[in-house]
Amino acid sequence: MTECPSVLPFGNLTTEFHPQVGGKCASLGVMIQAGLPVPPGFAITTHAFAEAGEASGLMPRISELLAQTDITDSAALKAAAAQAREMVTSWKLLDEHQNLLDQNYAELCELVGIPDVPVAVRSSATSEDSPDASFAGEHDTYLWVCGIDNVRQKVRECWASLFTERAIVYRAEMGYPHDEVDMAVAVQKMVKPRSAGVAFTLDPTNGDRSGICIDAAWGFGEGVVSGDVTPDNFLVDKVMWSINRRTISPKTHAHLLVASDNGAHPTVGRVELPAEQVHAPSLTDEEIVAVARLARTAEKHYGSPQDIEWAVDEDLPPGENVVLLQARPETVWSKKHHAVSGKKDPMASIVDTLVNPLSAKKGAATG
Amino acid sequence: MADRFPSPFEIEAPDGADGWQELYSYSAVFSRERRDYEDGGFWFHDGVHWPEALTPWDAGVFEVAIASLGQYNTRHYLVPPAYGVDLRILNGYAYLSPVPAPEGDIESRVPHFMERAGYYFANWDRLYADWLVKVRALVQQMSELDFSPLPEMEDMDVITSGAGRGSGDRLLSTYHRLLDHVVTLWQHHFEFLNLGYAAYLDFFGFCKAAFPSIPDLAIAKMVAGVDVDLFKPDDHLKSLARLAVSSGIDDRFNGGSPDEVWAKLGTDEAGQAWIAEWDKAAEPWFNFSTGSGFYHSDKIWIQNVEVPLGYITDYIVKVKEGVDLNRPVKELHAERDRVASEYRELLDSDDDRETFDGKLGLSRTVFPYVENHNFYVEHWAHSVIWRKMRELGDVLKDAGFIAETDDVFMFRRSELVDVLFDLYAGWAVGAPSRGPGLWPQQIERRHAIHNTLKGWSAPPALGVPPEVVTEPFTVMLWGITSDSVSAWLNTGSDSDDGSLSGFAASPGLVEGPARVIFSADQISEIEDGEILVAPLTAPSWAPVFGKIKATVTDVGGMMSHAAIVCREYGLPAVTGTAFGTKNITTGQLIRVDGNTGTVTILEG
Chain S
0 MTECPSVLPF GNLTTEFHPQ VGGKCASLGV MIQAGLPVPP GFAITTHAFA
50 EAGEASGLMP RISELLAQTD ITDSAALKAA AAQAREMVTS WKLLDEHQNL
100 LDQNYAELCE LVGIPDVPVA VRSSATSEDS PDASFAGEHD TYLWVCGIDN
150 VRQKVRECWA SLFTERAIVY RAEMGYPHDE VDMAVAVQKM VKPRSAGVAF
200 TLDPTNGDRS GICIDAAWGF GEGVVSGDVT PDNFLVDKVM WSINRRTISP
250 KTHAHLLVAS DNGAHPTVGR VELPAEQVHA PSLTDEEIVA VARLARTAEK
300 HYGSPQDIEW AVDEDLPPGE NVVLLQARPE TVWSKKHHAV SGKKDPMASI
350 VDTLVNPLSA KKGAATG
Chain P
0 MADRFPSPFE IEAPDGADGW QELYSYSAVF SRERRDYEDG GFWFHDGVHW
50 PEALTPWDAG VFEVAIASLG QYNTRHYLVP PAYGVDLRIL NGYAYLSPVP
100 APEGDIESRV PHFMERAGYY FANWDRLYAD WLVKVRALVQ QMSELDFSPL
150 PEMEDMDVIT SGAGRGSGDR LLSTYHRLLD HVVTLWQHHF EFLNLGYAAY
200 LDFFGFCKAA FPSIPDLAIA KMVAGVDVDL FKPDDHLKSL ARLAVSSGID
250 DRFNGGSPDE VWAKLGTDEA GQAWIAEWDK AAEPWFNFST GSGFYHSDKI
300 WIQNVEVPLG YITDYIVKVK EGVDLNRPVK ELHAERDRVA SEYRELLDSD
350 DDRETFDGKL GLSRTVFPYV ENHNFYVEHW AHSVIWRKMR ELGDVLKDAG
400 FIAETDDVFM FRRSELVDVL FDLYAGWAVG APSRGPGLWP QQIERRHAIH
450 NTLKGWSAPP ALGVPPEVVT EPFTVMLWGI TSDSVSAWLN TGSDSDDGSL
500 SGFAASPGLV EGPARVIFSA DQISEIEDGE ILVAPLTAPS WAPVFGKIKA
550 TVTDVGGMMS HAAIVCREYG LPAVTGTAFG TKNITTGQLI RVDGNTGTVT
600 ILEG
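Each protein sequence line maps, in turn, to chains S and P.
Each residue of the first sequence is one higher than the last, beginning at 0 in numbering that gives the first Met the number 0.
Each residue of the second sequence is one higher than the last, beginning at 0 in numbering that gives the first Met the number 0.
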């Protein structure tokens, strides 16, 4: 087995490294390996965490601190947890690991052509540590982190999130020793969507499995999901990759980034669009097909019809700018049967075709 | 929007064409005897096959062809809902009207249809192999027809053999035989065609039920053949171009007349070998019309050698530039299989997949006929018919009945029987025939009428449109749908922004300058990178498809010959726009979207 590096771009996250990168990063790796582009970024493996912890020499003290704490006493727990987190936050990455982190962040900035590119820094707990998926979500996520100093800081804060009160209690209840915890961190570019939306790998109007139905609007996909923006709609054929239907809706509003006054990170707000954007299609033909291909790849990868969220990231180069944000199984039509129940006897079927011609039959198939 | 088209009885003859009815069969024109029936029907102009005003003799072939179509529906296979297609000629133009079977007869026709059509489907390959033999034998018989002039005196062996009949008998009966062969040819033409379309439509309907949004093009792609006879003429041109380059004789193809080129080729072995290859390809493949094949005036390659020679000269340039002229046959096969297997995969159940396999299999069995018959009948056999008629024309010209050989086509089919008898009787008796004093002026007058008719613009439809167009052959063959009918009713264009819509016949999206041409004679005007806009295209225009970026036609559906060839050559095409040549002018920048079937005029 190759020795696990301390920092790994998502694109290099092959299966052998999954135990060292946590559930979050592993699933990003799986998606990229499956040809499903996610926003670019890299993982800081448990290897970096473990060596930083060891170098700090603080791990025994943390164990001791927690062993002495009565976790049913909430005040004591709170104090101990805060103290533990403070200790972890003071850890330093080994120089070689830090160089690698700096280098990966610099490369990400270079890829998108933005110095101090905003990233999300997310904890990616290892599966040994948190078999319960819901628990993994309890660890911290930091959005709009800009600049290498902040990235380093947030990585340590992610590590420290192993010692929230809830995490401590959870481990205690599950019988996991505190000194065997492990933590990887995902650093991922914040998506800056020029356009975004959802896509179904079937036509939700009739269940046609040969169609990919795309809803698209300017900016973030929130408006498409919540319905406060009327999206453009496209239907793409899965086999021919032709755009069989296109409806360009008047998109008077969009969810866009709004800078905040107090220097905090920007937020997403619903704003009115200039006239020239209202009636313009929010995707080019190439992008429509790229979104459809992405959705189809997800469907093939997961083996069932999918409902995906996607974005066209304006910071990424054309051809690589369509990214997958989320994929989940489609649940309405995929459970229905869409059998054609055509007459199998060829002559009877031909008679049927002739006597009840096409125009009367169009769309006659039911779920 | 109007709710009906003009009555055929409201349409007036263009100025100078009064009496045009005399050029056509009495039964083929609108008349007061059948006015109730004719006025209540829906008649559409068949611009797919007969886009221009017909000459009298060509009109006779039109009548034979359409009668044979009907005969198979009505009397042979008893297609349950459909009788034949009725025809009329108005101001020289071909109009058709599908005739439904009486509602009450449909059910009783079903078992007959199942038995009869079922027999053909079950024995298709054998019957089609027989068909090829039959049709080749028929073409051979036509080629052997002897229209040599009447001799001053009969040969001695007529006497010594005790033949008891002479050249006059031969001339009269040869013309009768030619007419009979035309009928037989068209009997053969429709022996399989309607059934082929029925099987295809059945698969089509299944695909539409399974995948409501599936593009028509995808269905065509799953069924269409790759090694199609219709492409062979063009393939041979390319081989001949390659041979010229590889044998180092390409410098002899530099725009000289065919005679000059042949003279240069004849001087050495390499050139002679090339001529031998040409001769091999030419029979039968260069019996290829530059038009639909339905007009005697369509140029046939083998008789207008400058046409294929021009294409070969163009191809030689491409070969020397290193362009790969081969059709990507392997890729086309692979693509066809990919498309079919991916849709099959998307079906809901194994049951559906089994049905899909059966229908696709039958469609692929019947489709070679649908694709190939056109070469044998409209191109090859017709070119022999026109050739033989010209031999007859020479006889009449020598006898002073007509001024030019091609004037023979200004007689009606049946009229020529009387004309030939006049010629024969004069010859037999040794006294003047009436014809030479009568016909030259009559023919001149007919030419004037026909020329006037050629300038007339035929309305796309007449009479009362059906609520929905459902008749499968009308949709399939002529591309006439409820949408196109309502677009015609809506006048010039079918959308507010002046864009045109038609069938998305071949995918792709391009922009470029338009080149509007109305006949094969204008083909040489087409320049590299232009978008061809024409009433329709003929398969023999294939060589220009290397120059153009896309094709727009006024008429035709997904299965029109134009659509088939465009798909094969990977060019975007929108067919059946109805008003393409009217609304677009040469030089305008247009956008052709072969994915959605829309054509937009961008500027100019």
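Every residue, glycine too, gets a C-beta built ideally from N, C-alpha and C.
Every value quoted in this text rests on a predicted model; they were computed, and no experiment measured them.
- Counting along the chain, Y82/P sits inside no alpha helix (DSSP H); it lies in the beta strand (DSSP E) bounded by residues A81 to L89.
- Contact check for Y94/P and L461/P: beta-carbon distance about 6 Å, within the 8 Å limit, so the pair qualifies.
- With the rule of 3 Cβ pairs closer than 8 Å, the region 211-221 of chain S does not count as touching the region 80-99 of chain S.
- The beta-carbon of I287/S is placed no less than 8 Å from the nearest beta-carbon of chain P.
- Annotation: L419/P is outside any beta strand (DSSP E); the continuous alpha helix (DSSP H) that includes it extends over E414 to V428.
- One finds M346 and V350 in chain S with Cβ atoms closer than 7 Å to the Cβ of M113/P, taken in chain order.
- K188/S is bridged by DSSP to V118/S.
- Comparing alpha carbon positions, the residue from Y104/S, E156/S, T68/S and Q32/S closest to C145/S is Y104/S.
- With the rule of 3 Cβ pairs closer than 8 Å, the region 52-64 of chain P counts as touching the region 16-36 of chain P.
- Taking C-beta atoms under 8 Å as the contact rule, V369/P and Y196/P qualify, at a distance of about 7 Å.
- Taking a cut-off of 8 Å on C-beta distances, the region 66-82 of chain S does not touch the region 144-158 of chain S, as fewer than three cross pairs fall below it.
- Here R327/S is exposed, its C-beta having fewer than 16 other C-beta atoms within 10 Å.
- Any Cβ of chain P closer than 8 Å to the Cβ of N243/S would place that residue at the interface, and such an atom is present.
- Within the region 299-381 of chain P, the complete alpha helix (DSSP H) segments of 4 residues or longer fall at 305-319, 328-345 and 349-373, listed in chain order.
- Beta-bridge annotation (DSSP): C212/S is paired with F199/S and L234/S.
- Taking 7 Å as the cut-off between beta carbons, the residues of the region 199-216 of chain S near chain P are D202, N205, D207, R208, S209 and G210, in sequence order.
- Taking 8 Å as the cut-off, the beta carbon of E37/P is found closer than this to the beta carbon of P7/P.
- Note on the region 134-215 of chain P: there is no whole beta strand (DSSP E) run with a minimum of 3 residues.
- Per DSSP, Y71/P has no beta-bridge partner at all.
- Counting along the chain, V598/P sits inside no alpha helix (DSSP H); it lies in the beta strand (DSSP E) bounded by residues T597 to E602.
- V515/P counts as buried, since at least 16 other C-beta atoms from the protein chains shown sit within 10 angstroms of its C-beta.
- Counting only runs that start and end inside the region 495-559 of chain P, the beta strand (DSSP E) elements of at least 3 residues fall at 502-505, 508-515, 530-533 and 549-552.
- Cβ contact annotation for G434/P (same chain, cutoff 7 Å, sequence separation greater than five): F400, V418, D421 and L422, in chain order.
- By the neighbour-count criterion, in which 16 or more other beta carbons inside 10 Å mark a residue as buried, A430/P falls on the exposed side.
- Close partners of V238/S in chain P (Cβ separation under 7 Å): A217, V338, E341 and Y342.
- Between V186/S and I287/S the beta-carbon gap is near 31 Å, outside 8 Å, which marks them as no contact.
- V277/S has a beta carbon lying at 8 Å or more from every beta carbon in chain P.
- None of the residues of the region 367-392 of chain P has a beta carbon lying less than 7 Å from any beta carbon of chain S.
- By the neighbour-count criterion, in which 16 or more other beta carbons inside 10 Å mark a residue as buried, V257/S falls on the exposed side.
- A Cβ of chain S is located within less than 8 Å of the beta carbon of I213/P.
- Secondary structure at D178/S: helix, using DSSP grouped into helix, strand and coil.
- H180/P sits buried, since 16 or more C-beta atoms from the chains shown fall within 10 Å of its C-beta.
- Spanning the alpha carbons of Y119/P and A339/P requires a straight line of approximately 25 Å.
- Residues of the region 73-106 of chain P with a C-beta atom less than 8 Å from some C-beta of chain S are V78, P79, P80, A81 and I105, listed in chain order.
- The beta carbon of A262/P sits no closer than 8 Å to any beta carbon of chain S.
- Proximity to T580/P across L346/P, R363/P, F544/P and T536/P peaks at T536/P, based on C-alpha coordinates.
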